[in-house]
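Structure record follows, encoded as structure tokens.
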Amino acid sequence: MSGFFLYGNYANAEALNLPKDENGWTIFTPSVDSDVVYVDSVLGDDVTCRTYRTSDVEMGANPFIPVGPILPCATSAKAVTFMGGGQPDWMLYKRGSIFDTGIVYARSGRSATEPTVVGAYGASGELPIFRGGYDNNGNVDTHWLAIAGLDFYADFRDPNSPNYAGGLDNSVGLWFFSHEQYSMKGILVEGCKFRFFKDNAFQPVNASDNSGLTIRRNLFADNYSISSAHSQGLLVSNFNGLLIEENVFDHNGWLVQNDSDGIEEVGEATIFNHNTYLTNNKNLIIRNNIFAQGSSNNSKIKYTQTGIGTGLVVDNNLYIGGEIAISIGAPDEHEIYSVVNPFIANNVYLKPGYANPTNREIGWFFYNFNWDGGTVTNNYMLHQDNDLFGGHFFHLQYSGRNVNVSNNIVYDTKNITPVYLLPIETGNPNREGIIFEDNVFDVENNYIVDASALTDSSGYSFVENLYYSTKLADTWFRINSSTKTNEQWMTLSGDNSTFGQKEFTDPSRSIESYMTSIGEIGAIENFIFKIRSQNKYNWDNRFAAENVNSYIKAGFVFDDIFPPSVPVGLNVL
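For the record, in the sequence shown the residue sitting at position 486 is 498 according to our numbering, with numbers rising by one throughout.
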């Protein structure tokens, strides 16, 4: 969908309103009065370059593959002088070009159907590379803009590059900032790469007039900080209408693993760095992305005011490793009910804790604070094959009410507790209406529920779940640091769930087996290499989150339930 998209009751009316081709890429068409300027780092000339319109024979029918001969500029600095504010002008960079600088460009397009376009041209070659970032300057409105098919690569911060200069500085890749009197609206970033910078950020100071930001089919990888400054793959705040879809976020917020020696090293993973950090964005949709190996959180979604977090959807993303897949809310006991009715569904989290960046030895799927309503349904947490100190499926801290956690599967995990309930801070509202129903929690050698400061079942309901653990019978629940028998748990909680295991069709399905099934080398490293290689000119839908997730989920179809080898009570079948 493009332009005005609907997701249940959620809408984003001020995104660019442009069609997609059969492969899902945005179709850009110049207006009759669009000035198109070309930029070529090798053959360009800032003295002779000029602009072209659709009526010029040199451009031909497709501005991205001009029939020529054309007169390109050599530098961005010259090219931007041809661009008019409020006009649907285009600036296109030659594929295969390498530019030592970035792009500083602050002008807006005309409308949601006639944006300014900053992109690439040429019939062949790699994405044009910029050794600097993209800066919108911050002192103007930024409206109706598309950035497509560019590679921002700080090779001087890449230890594997011959141009590596020891990290050098904390250069920023994508930098959109606006002062209080300005706003951002109708911005699309599609098919780009942002690698080895410190941050990529949209940070408007104005918190009430920014809308229609779309981030799709990009790669954000290996961004890190050389100092105590925090680092994020993507940082966005204060938008009403933000769509993040079909991107790859891998290994952001760190260069090297934290060695826990108390001495901060260049690029060391910390708990403050994440694949994505999204703050106070309303009508936020995160769907069909791949998140892997974030320093701490893969998707950190923060709201700092009561009631501000409306319209949140996190749907059908693939999470691989990292320490926390999804964190939602305000990690502060004073911001009560900051998140309103989030919808979290159909996500897959594989290999919790893989890579262990900060060395905390944790793997959490949902880390939640202060929800006012919400749904967590049809999510999968699977195949933890490392010896973590602790992991959780649903980790609840501070207050919460009217949250439904249903039809989720936790399976083949060594040290994962499906339900982890921390005590409520003094003076905060009690939890109410927290329902766990129709879930399958099948874990190795760990508790099903671990709850602190729980005196009775008020606030919680456990309904028709299926539980199994390889722990000794009658040791599957821990309440206030005391292990409870199943009968004691039943009495305390009013749970009517069943103990046993479902017989799934093929629960061993993994990234490795998926790769083998499509004729590729069955290794997670190969999968990560493949997803990093995706771009518009090298797009392979086999490596899209939708297809990988469909394969994994197909292994968890079931018909039957069979009991544990030793009956443990509570509705054993």
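We put the beta carbon where it would ideally sit given N, CA and C, even for glycine.
Beta-ladder partner(s) of residue i, from DSSP
i	result
F474	F448
M103	V49, V130
H155	K197
S481	V455
L504	In DSSP, L504 forms no bridge with anything.
R490	D462, T495
P3	Since the first and last residues shown for the chain are 13 and 585, residue 3 lies out of range.
F164	F142, F206
F355	V325, T387
F232	F206, F261
F111	F142
L247	A213, Y289
N172	Its beta-bridge partners do not exist; DSSP assigns none.
T125	Per DSSP, none; premise fails for T125.
S223	K197, N252
D552	The partner list for D552 (beta bridge, DSSP) is empty, contrary to what the question assumes.
V184	None, per the DSSP bridge assignment.
D147	V116, W187
C-alpha distance - residue i paired with residue j, whole-angstrom precision
i	j	result
N287	G161	21 angstroms
K312	P354	14 angstroms
V580	F511	In this prediction, V580 scores a pLDDT of 35, lower than 50, which makes its location untrustworthy; no coordinate-derived value is stated.
W187	G265	16 angstroms
N259	W37	13 angstroms
Q244	N230	15 angstroms
S237	V278	7 angstroms
L362	D327	16 angstroms
D33	I39	6 angstroms
N380	A337	11 angstroms
S470	V388	20 angstroms
E26	G198	6 angstroms
A91	G445	59 angstroms
P42	R207	30 angstroms
G341	V351	6 angstroms
T113	N285	26 angstroms
V54	I159	22 angstroms
A367	R65	51 angstroms
V51	S239	35 angstroms
A233	R544	8 angstroms
D147	L324	28 angstroms
E138	I110	10 angstroms
Cβ-based burial, residue i [other Cβ within 10 Å; buried from 16]
i	result
L267	buried
A623	Lying outside 13 to 585, the shown extent of the chain, residue 623 is not represented and no answer is given.
V452	buried
F541	exposed
K496	buried
H395	buried
I348	buried
P430	buried
K210	buried
Q317	exposed
H191	exposed
G321	buried
G412	buried
G334	buried
Q193	exposed
I533	exposed
L247	buried
A118	buried
V584	Because V584 carries a pLDDT of 29, less than 50, the predicted location of this residue cannot be relied on, and no value is offered for it.
Range covered by the beta strand (DSSP E) that runs through residue i
i	result
Q409	402-418
I332	330-332
I428	428-433
Y361	360-362
Y392	392-396
Residue span of the alpha helix (DSSP H) that contains residue i, given as start and end
i	result
T389	Looking at the DSSP string, T389 is not in any alpha helix (DSSP H); the run it does join, the beta strand (DSSP E), is 374-389.
T12	An answer regarding residue 12 cannot be provided, because it is not within the stretch 13 to 585 covered by the chain.
S339	Not the alpha helix (DSSP H): S339 falls in the beta strand (DSSP E), residues 336-341.
V422	Element bounds for V422: not the alpha helix (DSSP H) but the beta strand (DSSP E), 421-425.
Y349	Taken as a continuous stretch (DSSP letters only), Y349 belongs to no alpha helix (DSSP H), as it is neither H nor E.
S562	557-566
N538	536-544
Any non-hydrogen atom of the ligand SAH within 6 angstroms of residue i CB
i	result
N416	As far as ligands go, the structure on display features none, and thus does not contain the ligand SAH.
**Study point:** Complete alpha helix (DSSP H) runs within the segment 254-326 (minimum length 4 residues, chain order)
**Key:** Here no run is fully enclosed.
Practice item. Entirely within the segment 33-96 and at least 4 residues each: give me those alpha helix (DSSP H) ranges in chain order. Key: Taken in chain order, the complete alpha helix (DSSP H) segments of 4 residues or longer contained in the segment 33-96 are 88-91.
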